[in-house]
Structures are given as structure tokens and as C-alpha cells.
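Reading through the C-alpha cells given below for one structure.
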Amino acid sequence: MKIKQNIAISESGFLFDPATGHSFTTNPSGLRIMQLLREGKNKSTILEQLAQEFDTEHDTLERDVNDYLNMLNYFKLTQS
Amino acid sequence: MKIKLVIGVTALNAIDSPGPGIAVIRSLRDSKKFDVRIIGLAYEFLEPGIFMHDLVDKSYQIPLPGTGMEALWQRITQIHERESIDVLIPNFDAELFNFIQLADRFKAIGIQTFLPTASQFENRHKTNLPQLGKISGIAVPETRSLNTLKDVRNVSKDWTFPFFIKGRYYDAIRVFSEEQANAAFHKLAAAWGYPVIAQKNVSGEEVNVTAIGDGKGNTLGAVAMKKMYVTDKGKAWSGISIADEDLLLQSKKLIQALRWPGGLELEWIKDANGNYQLLEINPRFPAWVYLATGCGQNHPEQLVSLALEQPVEAIEAYETGKLFVRFSFDLLVNIEDFEKITTKGEL
């Protein structure tokens, strides 16, 4: 999964899709996922990275990351 | 060095359903090519632009469009004798026909315009959209002309509610029953004349494009905007510049089909399937055209260059993610100023 190239992501977690005019805010952990996606990381690498950075159970982490990626798809912020 | 010009601009009604005049003037004031003296042309005494002395250098009252072409001609020539107008930019749908008819006579006395022909003006009319859609390959919601109550009855039987009843020039009312459709028909016929238009409702996201064509089919500039806040009159009170390739491509196709000369606004809706359908073509700049200027495309400046037969390069790029937010502001006006515009027809 990749974030659409034209999506603007600020350091504060503000996202803007210039094709639709939609804007979103994301929390710091969501922002970290977006940054890792931008770097071209796949889901398993993202999970490994987040497991090192956040103190959380693997199952919880995987569920939250899945939810987040589904949400990015729902809002059409991703491309294949 | 900037070229000094005197430019006459109409539609100074910067009200809750604003005319484009003030946005056009702000764009011209921002021009890097022209140093402009603005002559405001107003129909009503209380058009706010008359009293915006930092934007409008001098204002004159002009006769209402219904008074006819000759009355407008007399008044403009009278103003021209005093002000030596170089370029005229009319900005109201309802006045355009008179200005189009007078364009050659204006040119003969040294006033330049850049307007569509009468047939181009008619071709983009709401009633002609389905035909235009067929020619240009653009999706248009089903549309019918209404001239009698029988037409209203028929459309109410054939279509499911809600749908829109639209005025010939302005206004649209969403109706949910035949009774409401009848009332809307009478109201809009009284305000804007016949035909009244019925248009099927399309659910989706409204996006508009302000653009300028060179009259040969080329688009010289186009900026898209998504409405973020809409007033009860359906006007954008705030919006954001966006750049959807498909939307801009469709807009250019339409300008190509119309061979449109000058400014225009295209009103689109993105339906549930993500396809754009054309709701309306407004034959002049929109009231939000200053957003385009702020994003890097000064369409009114391009229009003046076209009117003066200067070469104009097409601009493709513009800044996205720029917002406009309208606001209300109480101008304080001295009674002497109000007296001048009401008694002398100028300020």
C-alpha cells in the first residue's frame, strides 16, 4: 500500500488531498504510519518498526494498524 | 513599467449573493502589467463597491438591463466622454446580452471588450446544456424547459422528487412536491423570465471551475474550487483550490467545444461514482475569481490583455490548498456620498 503522491502531510499531522480538497488530522502514531508508508515500507516492516517505538502488545498493534490502513483506503488516500 | 488603463467594471454588489465586480477589481489591482483606474458601473445606489474608494476610483449609475440597449449606449458614451474608458468588463449574466450587442459600437469609440457572441451566449444557456453535453461528450443531468404550469405538471409526473427548479439567469430551488414546483416556477419566472428550467437532482460534491478561453478553443487558465461552506442561497462562503486532472480536462473540453472567449464559471457535481456532471455554465467570472488570482492565475488581467489584442500565454500551474473565506463588513458612508450617487448618479 502507498500513500497517494500528491497528499500533503504536515509535521503536525494535518493531511490535505489537493484533488478533492478534503483535509484530515491524524494523531502522532497515525502520522508515524503515514511517514513509514511514504518511505515505501510494507505492513510487516511498519509493524516491526512501531513495535520498537511503542510499548504495546503485538496483537493490539496489528489490529490498530489494520484499522488505520483500512481507514486510509476508505478516505481514498492510498494508491496501489 | 505598467500600462495605464481605465477599466469599467459592473457587478459591485458585494452582498450575501455577491456579484463578481469586486473580485475582478481586486485582481486588476494586483496586476503586474496594468496600472488601472477603475470606473464602477452600478445599477443600485447601495451596491457596496460604490463606497469602496480604495478599490473603485469613480462610480456611475447605469440603467437597468430591462431599459434596453440604447439607454445603456447613451449612458456609457456619456461616461466615456469624461473617463476615456479603455476596457469594459460586464459581470452580470442579465446585462451581458446588451453589452454583447453593443460590443462593435463600443469598439468604434475606443472601448474594448472581450465577450462571447450572442450565439455562444445562448449555446451555454441552461436549456441548451443537454445538447452541448452531447456535442462535447460531457455528462449533464437531465434538464427540461418549463414555460407553462402544464410543463411543471408533466415533469412532476415523469421525475421523482426532489429536483431543481432554476431561474433563467440565477437562483435554484430544490422542490419536493408538485405544489412546491408550481410555487418555484412562478417565483423564478417572475424574477428572471421564461423559460424556467427543471434539472434532475444529482447527489454528490459540488466543485466549480473559473476559467478563461481565448475564443479559439484554447483554455488560457483554469482553477478549480471545492465549496467548503455554502450559504442558504447556495453560494460558496468559503472554498479551497483543488486540482483534479479529470475535472480540469473536462472543463477544457467544454471550452474547446464552445470556443469560449473570455471568463466563465463551470459548475460541476462529482456524483457517487466519482464522475463529473455539468450543472451550469455561467458566462462571466465568478465572485470567487480572486481565489484564482491568489493561486497564481490572474484571469481578469488575462481578459484585459485579450481585449487589447495583446498576446496571452496559457497558464497551467496554480497553488492548491488555498482557501477563501468571505466576511461581512459594515462600511460607514457619509450622507454626502449617498446624496451624490442618488441625485447625480455618480460618486
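One line per chain: the protein sequences are A and B, in this order.
All the letters of the first sequence, read from the start, carry residue numbers 1 to 80 under the numbering used here.
All the letters of the second sequence, read from the start, carry residue numbers 81 to 427 under the numbering used here.
A virtual CB, placed ideally from N, CA and C, is assigned to each residue, including glycine.
The beta-carbon of B/D351 is placed no less than 9 Å from the nearest beta-carbon of chain A. Burial state of A/P28 is exposed, judged by a 10 Å Cβ sphere holding fewer than 16 other Cβ atoms. Counted as a single uninterrupted DSSP element, the alpha helix (DSSP H) harbouring B/K187 occupies residues 173-188. As for any alpha helix (DSSP H) of minimum length 4 sitting wholly inside the region 91-116 of chain B, the runs are 101-109, ordered along the chain. The beta carbon of B/F177 is closer than 8 Å to those of P145, A198, F201 in its chain, skipping five residues each way along the sequence. Going by DSSP, B/Q158 is part of the alpha helix (DSSP H) stretching over 149-163.
Shown here, B/K306 sits in a strand according to DSSP, grouped into three states.
DSSP, read as helix, strand or coil, puts B/W348 in strand. In the DSSP assignment, B/A198 falls outside any beta strand (DSSP E) and within the unbroken alpha helix (DSSP H) covering 198-203. Nearest CB-CB separation between B/S321 and chain A: below the 9 Å threshold.
Between B/E416 and B/Y140, the gap from beta carbon to beta carbon reaches 9 Å or more. Among the residues of chain B, those whose CB is under 7 Å from the CB of A/G21 are K306, I320, I322, following chain order.
Distance from the CA of B/H133 to the CA of B/G120, rounded to the nearest whole angstrom, comes to 10 Å.
Taking all protein chains shown into account, B/P170 has 16 or more neighbouring C-beta atoms within 10 Å of its C-beta and is therefore buried.
Here B/F114 has K82, I83, L85, L108, E381, V384 as same chain residues with Cβ atoms under 7 Å from its own Cβ, once five neighbours each way along the sequence are excluded. The beta carbon of B/I253 sits closer than 6 Å to the beta carbons of I245, A264 from its chain, once the five residues preceding and following it are set aside; these are given in chain order. B/G314 places its beta carbon 9 Å or farther from that of B/L403.
Here B/Q279 is not near B/P363, since their CB atoms are 9 Å or more apart. B/N227 and B/H205 have their C-alpha atoms spaced approximately 15 Å apart. At least 9 Å separates the beta-carbon of B/I292 from that of B/G247.
Its chain contains M1 as the residues whose beta carbon lies nearer than 8 Å to that of A/N73, once the 5 sequence neighbours on both sides are disregarded; these appear in chain order. Residue-level contact by beta carbon fails for A/F24 and chain B, as no gap is shorter than 9 Å.
In this structure B/L92 does not touch B/G148 by the C-beta definition: roughly 21 Å separates them, more than the 8 Å allowed.
Leaving aside the five residues that flank A/Q79 on each side, the residues in its chain whose CB is nearer than 8 Å to its CB run, in chain order, K2, I3, K4, Q5. Taking 9 Å as the threshold, the shortest C-beta distance from A/P28 to chain B does not fall below it.
Residue contact with chain B for A/A51: absent (no Cβ-Cβ distance below 9 Å to any residue of chain B). Contact note: B/G401 reaches chain A through A8, F16, P18, using a C-beta cutoff of 7 Å and chain order.
Within the same chain, Cβ atoms closer than 7 Å to the Cβ of B/F194 are found at P341, G342, L383, L386, A387, the five residues on either side in sequence being excluded. Taking B/R155 as the centre and dropping the five residues before and after it, the same chain places the C-beta of I142, P143 closer than 7 Å to its C-beta, in chain order. Measuring C-alpha to C-alpha distances from B/E258 to each of B/F241, B/F407, B/Q336 identifies B/F241 as the nearest. A distance below 9 Å separates the beta carbons of B/I349 and B/G284.
The shortest CA-to-CA distance from A/N70 to any of A/A51, A/G21, A/G30 is the one to A/G30.
For A/L50, the enclosing alpha helix (DSSP H) begins and ends at 43-53.
A straight line joining the alpha-carbon of B/D137 with that of A/H22 spans about 39 Å. For B/D294, the uninterrupted beta strand (DSSP E) run begins and ends at 284-294, by DSSP. Put simply, the CB of B/V369 is far from chain A, with every gap to its CB atoms at 9 Å or more.
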